[in-house]
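J.: Residue numbers (mature numbering (1 follows the signal peptide of the UniProt record, and there is no 0)): -28 to -1, 1 to 139. Backbone N, C-alpha and C define an ideal beta-carbon position, used for all residues, glycine too. Dumping the structure here so I can ask a few things about it.
Encoded structure:
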């Protein structure tokens, strides 16, 4: 009869538990985003264009709200769907403005608002869907980060346009 040492018995008892924990230790990693924003000539009658980027759980309230409600009371209107807000100005002749980030797992959209001087007939709002988080395991080191979503937003005198870049 083979006698196993205490360490060998303990190791053989713990090995299946260790392997099982590795298999169930997956977690989600959000995809980073990179927005490049540009203006064309005569975008806002020569005035700076205020742009707001909102990180959202859902875009339903954002897309159904009117401009003035989003401008003055976005926090109250969007409630818990609003996770973060950033704002900046675009001016003619300015190089591109780039915005990057790693959203939390519950973020699903970027809402973009351009505050034109004259809103008539302009596309002043965009909703950009974020990629789904990537499911990964800690022992698969090559899966540490998800892909980055790259998008190009152009503000023209007719409004905003969106183009997603291929990775």
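1. Any idea what DSSP makes of residue 89, helix, strand or coil?
2. In this structure, what does DSSP give as the bridge partners for residue 54?
3. Among 97, 121, 96 and 92, which one has its Cα closest to the Cα of residue 106?
4. Under DSSP, the beta strand (DSSP E) around residue 10 begins and ends at which residues?
5. Residue 75 and residue 42 - do their beta-carbons sit closer together than 8 angstroms?
6. For a test of the three-state rule: what should DSSP assign to residue 44, helix, strand or coil?
7. Nearest-angstrom Cα distance between residue 64 and residue 127?
8. According to DSSP, is residue 99 helix, strand or coil?
9. Locate the beta strand (DSSP E) running through residue 123, then write down its first and last residues.
10. With a threshold of 8 angstroms on Cβ separation, who are the neighbours of residue 21 within its own chain once the five nearest residues in sequence on each side are excluded?
11. Alpha carbon to alpha carbon, what distance is there between residue 70 and residue 7?
12. Taking 8 angstroms as the limit between beta carbons, can you name the residues of its chain near residue 34, skipping five residues before and five after?
13. Determine the closest residue to residue 123 out of -2, 56 and 73, with distance taken between C-alpha atoms.
14. Answer yes or no: do residue 39 and residue 91 have a C-beta to C-beta separation smaller than 8 angstroms?
15. Considering only the beta carbon of each residue, do residue 23 and residue 66 sit closer than 8 angstroms?
T.: According to the structure data:
1. For residue 89, the three-state secondary structure derived from DSSP is coil.
2. 28
3. 121
4. 5 to 11
5. no
6. Residue 44: helix per DSSP, three-state reduction.
7. 10 angstroms
8. strand
9. 121 to 128
10. 11, 15, 61, 62, 63, 86, 87, 88 and 127
11. For the pair residue 7 and residue 70, the Cα-to-Cα distance works out to about 6 angstroms.
12. Residues 26, 28, 42, 50, 53, 81, 83, 97 and 99 of the same chain have their beta carbon placed closer than 8 angstroms to that of residue 34, with the five preceding and five following residues left out of the count.
13. 73
14. yes
15. Not a contact, by the Cβ cut-off of 8 angstroms.
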